[in-house]
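Here's the structure we're looking at; comments come further down.
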Amino acid sequence: MPYVMPSHPAPPGAPPPRTGRGGRRSRGARRLAAVLALVTGAVLAGPGTAGAAPAGPSAAEVRTAAALERVTAFGANPGNLNMYVHRPPALPANAPVVVALHGCTQSAQVYSDNSGLDTFADRHGFLVVYAETTTANNANKCFNWFQPGDTRRGQGEAASIRQMVAHAATAYGTDVGQVHVTGLSAGGAMTSVMLAAYPEVFAAGAVVAGIPYGCGVDVVSAYRCMSPGTDRTPAAWAEAVRDAHPGFTGPWPRVAIWHGDNDATVVPRNADELRDQWTAVHGLGQSPDRTSTVGPNSTRRDEYLSAGGGSVVEVNRVPGIAHGTPVAPGSGAEQCGATGTQHFIDSICSSHWITRFFDLDGGTVPEPPVDPPTEPTACWTADNYEHVRAGRAATTGGYVYAKGSGQQLGLYNTFVTHTLKESPAGHYVLADGTCP
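-4 is the number of the first residue of the sequence shown in the working numbering; add one for each residue after it.
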């Protein structure tokens, strides 16, 4: 489907614009919201094709469309979202749930048609709930991941998605203890929102080309989060998550992170910051316990393990792709999805591995072989200002801390110089006088 940047009113039959949380918006507030939606939506959507008409659906898309069910009454719906479900032909009792959140300019149907999630829902017997936003909420159909009124517990779009999960339990008999969430881009950022705002609801989540929770609160900070990325310490990121549901003590959701190495829209630094956020929430360090490669393209996986040896946080760095959901069209056991729509990239079937991370595949897939230890990728000698600028360190309270190890490097200025050793990728330790 060509990507069009909507700048016109919602088409006939679309839901009416919201009047705000607790009262009618002023004309100025509505105008500001439209500007924020259009600007941020355009960035997250990627290159557009202004004026192009959507392509007609293929026969496969028509068949898939018939399988998606529209749910019209699932709760108060304060975020004005649409709910669809993909229900396998033989959905078992107490089935798990995966909530799927599309990217900008996309729809529930587009995500269903291309992501490959429905393939594994049919194969392994779980319900997929597709939440969908509209141009009434955001001119480019982005989830409003950067607007506080939509990202807080009990409010806006986040509350609507929570109501969909509750409705699935009563209407389809799903297991409230096996609820998961995943999404792309703005949907990936909204996945972070759901994991932070409702940690008691979700057992696990998978953020694809997304952003840490608490990064963007307005259009300016949203731009910064996407590129060049916002650098904070693991402790600061973890505090943002804990503040989303004060008093919650766990267990926290497990989190998988997927990001393309060549993503220029939501830069790969966001994968590092997401890792820092969720490892710190779980009380883990930022040095991986297990490193491996998966899939035909040797996607690099770092795993951070619980005391019992289970993977709590994992980072999957997909080589050679830009902004989008990695898919691998075909009928093989590890293949899925379609690439006829922008931002679904022929690479690796991320939905296969996400299903596995969610423990929904029946444990039928063997563990990938663990890579042998590797030598340090690089040594870097620079002042503290340059280390922070290059993403090797973070600054807080006027001091600089090495990414990964958390070692303090001194004051944030150009006068203090240190050598950092990177081992493994993204993990830096102080190495003054020890690097070749």
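For every residue, glycine included, the Cβ atom is placed at its ideal position computed from N, Cα and C.
Between Asn77 and the set Met159, Leu112 and Asp113, the nearest pair of CA atoms involves Met159. If you draw a straight line from the Cα of Ala397 to the Cα of Cys210, it is about 20 Å long.
One thing to note: Thr412 has its Cβ within 7 Å of the Cβ of Asp378. Cα atoms of Ala259 and Ser222: separation of roughly 8 Å, rounded to the nearest angstrom. For Cys220, the uninterrupted alpha helix (DSSP H) segment begins and ends at Val214 to Met221.
Beta-carbon to beta-carbon, Asp297 and Thr288 are separated by about 11 Å, too far to satisfy the 8 Å threshold. Per DSSP, Thr320 is not a residue of any alpha helix (DSSP H); the beta strand (DSSP E) it occupies stretches across Thr320 to Val322. For Phe339, the enclosing beta strand (DSSP E) stretches over residues Phe339 to Asp341. Closest by C-alpha distance to Gly399, out of Tyr106, Phe115, Glu268 and Pro321, is Glu268. The straight-line gap separating the alpha-carbon atoms of Tyr299 and Gly401 is approximately 16 Å. DSSP, read as helix, strand or coil, puts His422 in coil. In terms of CA proximity to Arg237, His277 leads the group Asp213, Ala251, His277 and Arg227. Annotated three-state conformation of Gln272 is helix, per DSSP. Cβ-Cβ distances below 6 Å link Asn109 to Gly332, Ala333, Thr336 and Phe339 in the same chain, with the five nearest sequence neighbours on each side left out; the list follows chain order.
When the beta-carbon positions are compared, Asp117 and Pro73 stay at least 7 Å from each other.
Ranked by how close their Cα comes to the Cα of Ala385, the residues Gly392, Cys374 and Gly393 have Cys374 in first place. Around the beta carbon of Gly172, a 10 Å sphere encloses fewer than 16 other beta carbons of the protein chains shown; the residue is thus reported as exposed.
Comparing C-alpha distances from Phe197 to each of Pro91, Pro207 and Thr320 shows the shortest one belongs to Pro91. Contact annotation, Trp253 with Asn311: C-beta distance approximately 5 Å; criterion of less than 8 Å satisfied.
Runs of the beta strand (DSSP E) lying entirely within the segment 173 to 245, each at least 3 residues long, are 174 to 179 and 199 to 203 in chain order. Taking the Cβ atoms as the reference, Leu96 lies roughly 5 Å from Met185, within the contact range of under 8 Å. Between Thr100 and Lys136, the C-beta gap is smaller than 7 Å, which places the two residues in contact.
Taking the Cα of Thr130 as reference, the smallest distance to any Cα among Val313, Val123 and Phe138 is reached at Phe138. DSSP lists Leu63 and Val123 as the beta-bridge partner residues of His81. For Thr165, the three-state secondary structure derived from DSSP is helix.
Three or more Cβ pairs drawn from the segment 239 to 256 and the segment 203 to 218 lie within less than 8 Å of each other, which places the two stretches in contact.
Between Gln403 and His119, the alpha-carbon positions lie close to 47 Å from each other. For Arg384, the enclosing alpha helix (DSSP H) covers residues Asn379 to Arg384. For Asp226 and Ala85, the gap between their C-alpha atoms comes out near 46 Å. Collapsing the DSSP output to three states places Ile156 in a helix.
Annotated three-state conformation of Arg387 is coil, per DSSP.
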